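Heads up: the sequence lines are chains A and B, in that order. Using the numbering used here, read the first sequence as starting at 324 and increasing by one per residue. Using the numbering used here, read the second sequence as starting at 324 and increasing by one per residue. A quick write-up on the structure given underneath.
Number of protein chains: 2
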Amino acid sequence: MKKVGVAFIGFGTVGEEVFKLLKESHLLGDNKFEIEFEVHAIFVRDINKKRIVDVSDIHITSNYLDIINNPDIQICIECMGGAAANKMVEIVEAAIKKGKHIVMSSKKGFAHNMSYIIDLASYYNVQLRFEATVGGAIPICRTLMSMSSTDDISRMYGVINATTNYVLSLMEKGDIDMDKAIDIAKKKGITENDSSEDIDGWDAAYKMKILTGIGMKVDINCSEINPVSMNTYKNEKMFKNTIIRQIFYVERNDNKISYYIGPVELEKTNMMYNVRDNYNIVFVDSRSSGTRAYYGKGAGGKETASAMHEDLLDIIKHNYWLELSEKAICEKLNVNKINLVLS
Amino acid sequence: MKKVGVAFIGFGTVGEEVFKLLKESHLLGDNKFEIEFEVHAIFVRDINKKRIVDVSDIHITSNYLDIINNPDIQICIECMGGAAANKMVEIVEAAIKKGKHIVMSSKKGFAHNMSYIIDLASYYNVQLRFEATVGGAIPICRTLMSMSSTDDISRMYGVINATTNYVLSLMEKGDIDMDKAIDIAKKKGITENDSSEDIDGWDAAYKMKILTGIGMKVDINCSEINPVSMNTYKNEKMFKNTIIRQIFYVERNDNKISYYIGPVELEKTNMMYNVRDNYNIVFVDSRSSGTRAYYGKGAGGKETASAMHEDLLDIIKHNYWLELSEKAICEKLNVNKINLVLS
């Protein structure tokens, strides 16, 4: 087993779920890379907080330089959430400059600084993955990145805020209003204490910006997005004869981008009619492939963690190739060591 | 622009669509690999048949050795269809043994010889792609291959025969029986002359075998699959109060596989209820990601061609990495040439 040193930046629900996956990842799939993850440090705001996983033998710190300056840490797993976006960007920046690979999950900070972070990672020749920022368990970022070099995407739309979708589904099913549905979602851990970013469409806006950036290579300015809040649909009586969803829609005509985030009334023949609970769906229209859609759970620590775990393995795969080729060349040339960089 | 030599093995609707995509592929996406495809030869059964694309400056041959023995051909694009499965396997085998990379589309021949072809390609260190064999425009093979090394898939199900789905959709919409619907599908080019492989479930069976092989690493014996034909639903009257779909279902419990292919009655709340016309959907349940689904057009030359084009670009990317690293090493060591193999 080859050991890979990692550290967590932030350690809430998502971080703890990723931690669990890492501990059992040698049991999953065929694990042909024979990797064992070693967690060297965890950066948190409150080092005394009780954790649901056993971290007694791991260095818990509120000084992120402990991670940045530790040469044994090759990959940083960022799970800070939206509350401290600026701090998150500061830490990720420092980590990239020290050559550490990054797996990100915090959409707000990433959306606001997307071009900068991507360019920085490229300049420092660092692997950057951010699948978990959009669509939870749906591998939509990877899909769009692959498509954007072989196809032209003209339109993307769907449901990308699982919290709002869960709340609307609850209102449809039972005879409850939005406030009550939000309370239930909070108790189930589907939404955080402040659900206004979800209901008002800001969470979907950040995600739409990320999708547009990678799928259409257009950088939307966050301050120009005006999502329409779902707040006008607070009353369950409105759902008697129809289904309402929070939909994002972005379209490119030549190089002009137009977009919408907010309520849309759906007919029963629409695929999104049956996207319920905390599920997401993203439709992608492209020149070569027509309409495709990707569906999966959008919220929940477990699904986000699974996306981050796939990202981690993707970095491992990339580096494994590098190593394999180095080894082959060293043997061929009868030398001990060369340094090989693929980008 | 770097030139990549390719040849077609078979040249029906799909082949011609791939040909068109290759001719315009430098216009698509960001084309960062700066590739120009050069078609050196086309293997066909009837060299005098009229083609809808201009192939006047290309060597058309009914002797496949012209392709196998041409060192300028690096990638073979197989579009022979299901009618000549044995011949197809014979040609692919010969091409692999000469070190040519392969992009496949014929599901029948591939399903019957899947393990052998994959092992052969691995032995000869040849890149093999077969996205187009299942699900048309849906990138399901790539997705399952990536998942199978990081996750455990317990269940797959959905609609994978677009022809049957198109026929059933027509019956639902209009007041027509199956035979009439099949006639319309034929005129639209959605089905070939003999639609019995579709209606009887054999087409879905081959695809299920391929998905199970790559997603669950289990090789189902084709002769043990007993698909249930849709033939008992020939009468449109049966669709008055319900929707019927041809569904494939495969489940793994420990190492025991159970499966079903045939008619299933769907409720309106089911996601598959709104999968109509020539669309496909594949649901994948896994340990880490819960339920995910992939939706897109399943039949049609254009969609299949798009899948093959993505496969081609995927091989190019792989080889581009190889070249980049070779170049970097040559410069570092001040030598002219090394041979580097990544697998």
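Ideal Cβ positions, reconstructed from N, Cα and C, are used throughout, including at glycine. Small disclaimer: the values here were computed from a predicted structure and weren't measured.
- Inter-segment contact for the stretch 429-443 of chain B and the stretch 600-610 of chain A is absent: fewer than three beta-carbon pairs are separated by less than 8 Å.
- B/D389 carries a helical assignment under DSSP once its states are collapsed to helix, strand and coil.
- Runs of the alpha helix (DSSP H) lying entirely within the stretch 516-594 of chain B and spanning at least 4 residues, in chain order: 519-522, 525-538.
- For the stretch 466-485 of chain B, residues whose beta-carbon sits nearer than 8 Å to a beta-carbon of chain A comprise T466, S469, M470, S471, S472, T473, D474, D475.
- Think of a sphere of 7 Å around the beta carbon of B/S428: no beta carbon from chain A falls inside it, the nearest being about 15 Å out.
- For B/H632, the nearest beta carbon of chain A is closer than 8 Å to its own beta carbon.
- A/Y582 and A/E574 have their C-alpha atoms some 6 Å from each other.
- DSSP places A/A408 in the helix class (H, G or I) of the three-state scheme.
- Taking 8 Å as the cut-off, the beta carbon of B/I398 is found closer than this to the beta carbon of B/I638.
- In the three-state scheme derived from DSSP, where H, G and I count as helix and E and B as strand, A/Y439 is classed as helix.
- The C-beta distance from B/A418 to B/I425 rounds to 6 Å, short enough to meet the 8 Å contact threshold.
- If the five residues before and after B/G335 are omitted, its C-beta is found closer than 7 Å to the C-beta atoms of C402, G404, all from its own chain and listed in chain order.
- Under the criterion of beta carbons closer than 8 Å, B/L534 and B/M479 qualify as touching, at roughly 6 Å.
- Contact between B/H632 and B/L344 holds: CB atoms are separated by about 5 Å, below the 8 Å threshold.
- Close to A/R615, with beta-carbon spacing below 7 Å, are these residues of chain B in chain order: A460, I461, Y618, G619.
- Using a 10 angstroms sphere on the CB of A/G458, the tally of other CB atoms reaches 16 or more, which defines it as buried.
- Rounded to whole angstroms, B/I400 and B/N488 show a C-alpha spacing of 28 Å.
- Excluding residues up to 5 positions away in sequence, V426 lie with their Cβ nearer than 6 Å to the Cβ of A/L635 in the same chain.
- With a contact defined as Cβ atoms closer than 8 Å, B/D395 and B/G328 qualify at about 4 Å.
- By the neighbour-count criterion, in which 16 or more other beta carbons inside 10 Å mark a residue as buried, B/E626 falls on the buried side.
- Annotation for B/G328: the continuous beta strand (DSSP E) segment containing it runs 325-332.
- Not a single CB atom of chain B sits nearer than 8 Å to the CB of A/E357.
- Each of A/K421, A/K430, A/N393, A/I390 was checked against the Cα of A/A407, and the nearest Cα belongs to A/K430.
- Leaving aside the five residues that flank B/F342 on each side, the residues in its chain whose CB is nearer than 8 Å to its CB run, in chain order, F331, F334, V362, V376, V378.
- According to the DSSP assignment, A/M403 belongs to no beta strand (DSSP E), since it is labelled neither H nor E.
- For the pair B/K620 and A/I390, the Cα-to-Cα distance works out to about 47 Å.
- Around A/L636, the beta-carbon contacts reaching into chain B at under 8 Å are S472, T473.
- For A/N603, the enclosing beta strand (DSSP E) begins and ends at 602-609.
- A direct Cα-to-Cα measurement between B/V551 and A/H382 gives close to 59 Å.
- For the pair of segments examined, the stretch 580-599 of chain A was found to touch the stretch 523-537 of chain A: the number of CB pairs separated by less than 8 Å reaches three.
- Not flagged as an interface residue toward chain B: A/T456, since no C-beta distance is shorter than 8 Å.
- Residues M437, D542 of the same chain have their beta carbon placed closer than 7 Å to that of B/G536, with the five preceding and five following residues left out of the count.
- Taking the Cα of B/R452 as reference, the smallest distance to any Cα among B/V482, B/V415, B/S471, B/M501 is reached at B/V415.
- One finds nothing in chain A with a Cβ atom closer than 8 Å to the Cβ of B/E339; even the nearest lies about 15 Å away.
- With its beta carbon less than 8 Å from one in chain B, A/N593 belongs to the interface.
- The Cβ atoms of B/A630 and B/A460 sit closer than 8 Å to each other.
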